[in-house]
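Peer 1: Please find one structure pasted underneath; my questions will follow.
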Amino acid sequence: MPSQAIEFQGSSGQSLAARLELPVGPIRAVALFAHCFTCTMNSHAANRITTALAGAGIATMRFDFTGLGGSEGDFANAHFLGDVADIVAAADHLRASIAAPALLIGHSLGGAAVLAAAERIPEARGVVTIGAPFDPAHVLEAIRGDLAAIEREGAGAVTIGGRSFRIGAQFLHSLRAQDPAIRIGAIGRALLVLHAPGDEVVGIDNARLIFDAARHPKSFVTLDDADHLLTRRSDAGYVAALIAAWAERYLAPAEAAPMVAEGEVFAGNAGGKFGTTVRTHLHSLVADEPVAVGGEDAGPGPYDLLLGALGACTSMTLKLYAARKDIPLEDVAIRLTHDRNHGVDCDHCTDPASKIEAIERTIRMTGPLSESQRADLMRIADKCPVHRTLTGELHVHTREEAQSADEADR
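Each residue of the sequence shown is one higher than the one before, counting from 9 in my numbering.
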């Protein structure tokens with residue numbers, strides 16, 4: 009998927025680093041992702057979830073909070089309310105550049121932060137928490153250090169998850185000053201709570217407290233055996249799929265796709281450098297080029313589609329013929345490659361220097377087949393309609409479609 013590095017001004021004036029994951033194709037909605045406490049936007053969960061959401065048509069921005077990752081500022085001066093304000097600043101940036109976020113997604117303490125920020129982002133239709141604490145002050149349980157001395161002296165060193173940080177007294181005060189039950193009850197947005205029962209960092213009781221405090225519409229889905237940081241790729245993918253499916257109910261209707269008649273294929277822009285939407289009367293997919301040639305590899309390339317058409321037609325033809333002739337064909341597996349050969353295929357051409365387009369097709373057939381049946385099926389493979397089209401005399405007639413009056417005026 010297309011990915012853009014971004015910088016925007018945070019609530020305190022510092023430059024905050026962000027990354028925007030864009031769909032290849034129409035943008036269905038915009039989302040904002042807030043990472044976990046002391047994590048960065050490049051954590052496994054943040055990276056994988058935002059990328060997967062882009063694949064579902066949801067442009068998603070993640071960013072580093074003040075003093076973390078690539079963002080400016082001193083973490084010792086950061087605090088929970090500052091993080092909330094940075095989320096609002098990130099939403100402001102999206103509103104000015106693409107569109108305001110319809111979804112706010114927060115992981116761990118980021119979940120508590122998006123709950124607090126929701127009321128200040130009017131366009132947000134839904135809020136998603138992942139392994140989030142009910143009370144932001146829960147984070148204090150993970151801090152190892154002399155908190156009393158920090159409150160007396162204004163700042164001090166602590167250890168969080170085995171890493172050393174310097175935090176300020178304001179950080180402690182902002183965590184303790186929250187009233188989560190009132191805040192969650194007043195968000196006025198659809199809420200999805202995602203939490204793993206075995207989460208050893210933020211216990212599952214936090215999910216129950218968040219869910220109970222919220223008003224409808226609200227949903228809860230367990231993440232089974234996932235860990236708190238969603239370190240397994242499959243867990244992050246599962247979370248993204250849940251969010252995309254749940255959010256569908258709360259997003260604006262998708263823009264109507266062009267009408268495609270039966271027997272017609274439509275190909276149009278899908279975003280990115282080469283992304284192309286391919287539609288038939290009832291189906292749709294995205295085609296693209298590999299990253300190696302400047303694409304985003306968001307879908308099969310043109311020759312992949314061509315080989316796929318030949319392979320599918322071959323398989324269908326063999327199955328149909330076997331059924332008609334009572335041949336005990338149980339399965340067909342076909343592999344195809346395309347190449348531009350020179351001397352190897354020059355027995356098929358009159359000019360030894362000419363380039364020959366060649367498709368290699370390997371067919372594996374299983375079942376109690378006799379040698380004569382196998383030979384018969386291999387003969388039929390060359391008679392599939394797509395094969396005959398490719399090897400026959402094919403003419404492609406190209407014409408330009410006239411613009412409508414409205415299109416010409418744009």
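Beta carbons: idealized from backbone N, C-alpha and C, even for Gly.
Do D82 and H43 have their C-beta atoms within less than 9 Å of each other?
Peer 2: no
Peer 1: Where does P34 land, buried or exposed, given buried means 16+ other C-beta within 10 angstroms?
Peer 2: exposed
Peer 1: Quick one: grab the DSSP three-state call for A26.
Peer 2: strand
Peer 1: Under the rule that 16 or more other beta-carbon atoms within 10 Å means buried, what is A140, buried or exposed?
Peer 2: Per the 10 Å Cβ criterion, buried.
Peer 1: Measure from the alpha carbon of L315 to the alpha carbon of each residue in A39, L180, I335, V394, then state which is nearest.
Peer 2: Of the candidates A39, L180, I335, V394, the one whose C-alpha sits nearest the C-alpha of L315 is V394.
Peer 1: Please go through the same chain and pick out, in chain order, the residues whose beta-carbon is closer than 7 Å to the beta-carbon of I192, but skip the five residues on each side of it.
Peer 2: Excluding sequence positions up to five before and after I192, its CB lies within less than 7 Å of the CB of L123, I218, A221, A222, all in the same chain and listed in chain order.
Peer 1: I'd like to check one pair, H101 with Q17: are the Cβ atoms closer than 9 Å?
Peer 2: Going by C-beta atoms, Q17 is nearer than 9 Å to H101.
Peer 1: Work out the CA separation of L318 and P205 for me, nearest whole Å.
Peer 2: 48 Å
Peer 1: Taking only the alpha-carbon atoms, compute the straight-line gap between D353 and I388 and give it to the nearest angstrom.
Peer 2: In this prediction, D353 scores a pLDDT of 45, lower than 50, which makes its location untrustworthy; the coordinate-derived value is nonetheless stated afterwards. So the alpha carbons of these two residues sit roughly 23 Å apart.
Peer 1: What is the DSSP secondary structure of E15, counted as helix, strand or coil?
Peer 2: strand
Peer 1: If you reduce the DSSP assignment to three classes, tell me which class E379 lands in.
Peer 2: helix
Peer 1: With burial defined as no fewer than 16 other Cβ atoms inside 10 Å of the residue's Cβ, what is the status of A99: buried or exposed?
Peer 2: buried
Peer 1: Would you mind sorting M386 into buried or exposed? The rule is 16 or more other CB atoms within 10 Å of its CB.
Peer 2: exposed
Peer 1: Just how far apart, CA to CA, sit A26 and M69?
Peer 2: 7 Å
Peer 1: Taking P144 as the reference, which of I158, A165, V136, L180 has the closest Cα?
Peer 2: L180
Peer 1: Would you please state the rounded distance, in angstroms, between the beta carbons of A110 and A62? I believe it to be under 8 Å.
Peer 2: No, A110 and A62 are not in contact; Cβ-Cβ is about 14 Å, not under 8 Å.
Peer 1: Looking only at its own chain, which residues have a Cβ that is under 8 Å from the Cβ of V210, when we skip the five neighbours before and after it?
Peer 2: Excluding sequence positions up to five before and after V210, its CB lies within less than 8 Å of the CB of S116, G139, A140, P141, H146, H203, H236, all in the same chain and listed in chain order.
Peer 1: How would you label G276, buried or exposed, when you count the other beta carbons within 10 angstroms and need 16 or more for buried?
Peer 2: exposed
Peer 1: Would you grab the beta carbon distance between L40 and L112 for me? Rounded to a whole angstrom, and I think it's under 8 Å.
Peer 2: 6 Å
Peer 1: With a threshold of 16 other CB atoms inside 10 Å of the CB of M267, please say whether the residue is buried or exposed.
Peer 2: exposed
Peer 1: Near I158, which residues of its chain fall below 8 Å by C-beta distance, leaving aside the five closest residues on each side in sequence?
Peer 2: G164, V166, I175, G176, A177, L180
Peer 1: Which of helix, strand or coil does DSSP assign to M386?
Peer 2: helix
Peer 1: Under 7 Å Cβ to Cβ from E304, same chain only, skipping five residues before and after it: list those, please.
Peer 2: The beta carbon of E304 lies closer than 7 Å to those of M9, P10, V32, G280, G283, D296 in the same chain, with the five residues before and after it left out.
Peer 1: Whole angstroms is fine: what's the gap from L402's alpha carbon to A306's?
Peer 2: 30 Å
Peer 1: Using the C-alpha atoms, what's the distance from T406 back to I106?
Peer 2: I106 and T406 have their alpha carbons spaced roughly 36 Å apart.
Peer 1: In or out: H350 buried (at least 16 other Cβ within 10 Å) or exposed?
Peer 2: Residue confidence is low: H350 scores 42 on pLDDT, short of 50, so the model does not pin down where it sits. Its coordinate-derived value is still stated next. Per the 10 Å Cβ criterion, exposed.
Peer 1: At the level of alpha carbons, what is the spacing between E256 and L200?
Peer 2: Annotation: E256 to L200 spans about 12 Å, alpha carbon to alpha carbon.
Peer 1: If we ignore side chains and look at the alpha-carbon of each, how far apart do D334 and R240 end up?
Peer 2: Roughly 47 Å separates the two Cα atoms.
Peer 1: Who are H289's beta bridge partners in DSSP?
Peer 2: Here H289 is not bridged, per DSSP, to any residue.
Peer 1: List the whole-angstrom C-beta distance separating G245 from R56, where the pair is believed to meet the contact cut-off of C-beta under 8 Å.
Peer 2: R56 and G245 do touch by the CB rule: their CB atoms are close to 7 Å apart, below 8 Å.
Peer 1: Using 9 Å as the threshold, is the C-beta distance between G77 and N50 below it?
Peer 2: yes
Peer 1: Grab me the residues of P298's own chain with a C-beta within less than 8 Å of its C-beta, minus the 5 sequence neighbours each way, in chain order.
Peer 2: D305, G309
Peer 1: So, for E208: in the same chain, excluding its five sequence neighbours on each side, which residues have a beta-carbon less than 7 Å away from its beta-carbon?
Peer 2: In chain order, H236 place their CB closer than 7 Å to the CB of E208, counting only its own chain and leaving out the 5 sequence neighbours on each side.
Peer 1: Am I right that L24 and A67 are in contact with their C-beta atoms under 8 Å? What's the rounded C-beta distance?
Peer 2: Rounded, the Cβ-Cβ distance is 18 Å, inconsistent with contact.
Peer 1: Rounded to whole angstroms, what is the Cα-Cα separation between G347 and V404?
Peer 2: For clarity, residue 347 is Asp in the given sequence; the question names Gly instead. Rounded to the nearest angstrom, the two C-alpha atoms are 22 Å apart.
Peer 1: Could you say which of G375, S20, L30 lies nearest to A278 if we only look at CA atoms?
Peer 2: L30
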